[in-house]
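These notes concern the structure reproduced below.
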Amino acid sequence: MDTKKILRVIAGAGVTGAVAAGVWGACIEPHLFTVRHQTCPVLPPGSKPLRVLHISDLHVAPWQKHKINWVRSLAQLQPDLVINTGDNFGFNSLETVIHTLNPLTAFPGIFVFGSNDFHSPALKNPARYLMGPSEVKESEPDLPADDLRRALTLRGWNFVDNCNATVEANGLTVRASGVGDAHMNNAHLSAQHPSFQPGADLNVGVTHSPYSASVDALIHAGAHIVFAGHTHGGQIRIPGYGAPVTNCDRPRDEARGLFTRSGVPVHVSAGLGFSIFAPVRFACPPEVTLLKLVARES
1 MDTKKILRVI AGAGVTGAVA AGVWGACIEP HLFTVRHQTC PVLPPGSKPL
51 RVLHISDLHV APWQKHKINW VRSLAQLQPD LVINTGDNFG FNSLETVIHT
101 LNPLTAFPGI FVFGSNDFHS PALKNPARYL MGPSEVKESE PDLPADDLRR
151 ALTLRGWNFV DNCNATVEAN GLTVRASGVG DAHMNNAHLS AQHPSFQPGA
201 DLNVGVTHSP YSASVDALIH AGAHIVFAGH THGGQIRIPG YGAPVTNCDR
251 PRDEARGLFT RSGVPVHVSA GLGFSIFAPV RFACPPEVTL LKLVARES
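Take the sequence shown: its letter number 129 is residue 129 in the UniProt record's numbering, and every next letter is one higher.
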């Protein structure tokens, strides 16, 4: 085979591979919902385990029937505690979000909001994400965040955006302190907040976007573990390289999963969804995580 034919074969294979990757990322992987499992020793010695379901970045829309049914089925996991780190709306449909989350409200819950609980997603140039964190423009909220907050609190969940709550879960006392979404300048950090009252079995820090200032403030206040979302795990990951961006100031290798900061575990969920204007995931399947929190060694 001459050189020109070899080059044509290589070019054809490259085009075929690119098309296949595009089809996979747009049509297949976004529907491969996954439950990740992690174990983390953060409880006092002698404590019984606490099973925490971390859900984030739902971005649900009424036509996403498979996602809706899959999330509803997570109630079968029977978690001791649900932590939702925000960005529930993919479309302005309060009924859809409540219907999707309703089975999980049978369990104790803690939640915060992200920018897409206040503002609908907007069409943006995807290349902009490669240049640094995206911006949330100043505008009046057009999503029913207050109605969602009321609906979830009426069902027993605890809202901790820039405030605290105490939850009893599997016989353990859990103190939660939350920080609002720093990505939309809603993180109210002060000498008084975040904070944890003494006497709990577990101090949980919760925020939507894992900016260093928010995570560090929660750790400094006494969190035993911190939960966040926002990054989508990079959403489009490059095999052998990982997430090209995190859409915040976290390093790329902390775009998803469990890592430590100042000796404290931080769990960043890759989330379940995407903006309806960027309906692609590649090498980063949509996920929730079931964390088994266990006793530390004495």
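Where a beta carbon is used, it is the ideal one built from N, C-alpha and C, also for glycine.
- If the five residues before and after Val-35 are omitted, its C-beta is found closer than 8 Å to the C-beta atoms of Leu-74, Leu-77, Glu-287, Val-288, Thr-289 and Leu-290, all from its own chain and listed in chain order.
- Of the candidates Leu-272, Val-226 and Gln-197, the residue whose Cα lies closest to the Cα of Val-204 is Val-226.
- The bridge partners DSSP lists for Gly-242 are Ile-238.
- Phe-113 counts as buried, since at least 16 other C-beta atoms from the protein chains shown sit within 10 angstroms of its C-beta.
- The C-alpha of Pro-194 lies about 8 Å from the C-alpha of His-188.
- Scanning the segment 17 to 103 for uninterrupted alpha helix (DSSP H) segments of 4 residues or longer gives 65 to 73 and 94 to 101, listed from N- to C-terminal end.
- Annotation: Phe-111 to Val-160 spans about 6 Å, alpha carbon to alpha carbon.
- Closest option to Asn-92, judged by alpha-carbon separation, among Ala-191, Val-268 and Val-60: Val-60.
- Here Gly-257 carries a strand assignment [DSSP, helix/strand/coil].
- For Ala-295, the enclosing beta strand (DSSP E) covers residues 287 to 295.
- Judged by their CB atoms, Ala-228 and Thr-246 are not nearer to each other than the 8 Å cut-off.
- Distance from the CA of Val-52 to the CA of Asp-142, rounded to the nearest whole angstrom, comes to 31 Å.
- Annotation: the continuous beta strand (DSSP E) that includes Ile-225 extends over 225 to 228.
- Cβ contact annotation for His-224 (same chain, cutoff 6 Å, sequence separation greater than five): Val-42, Leu-202 and Asn-203, in chain order.
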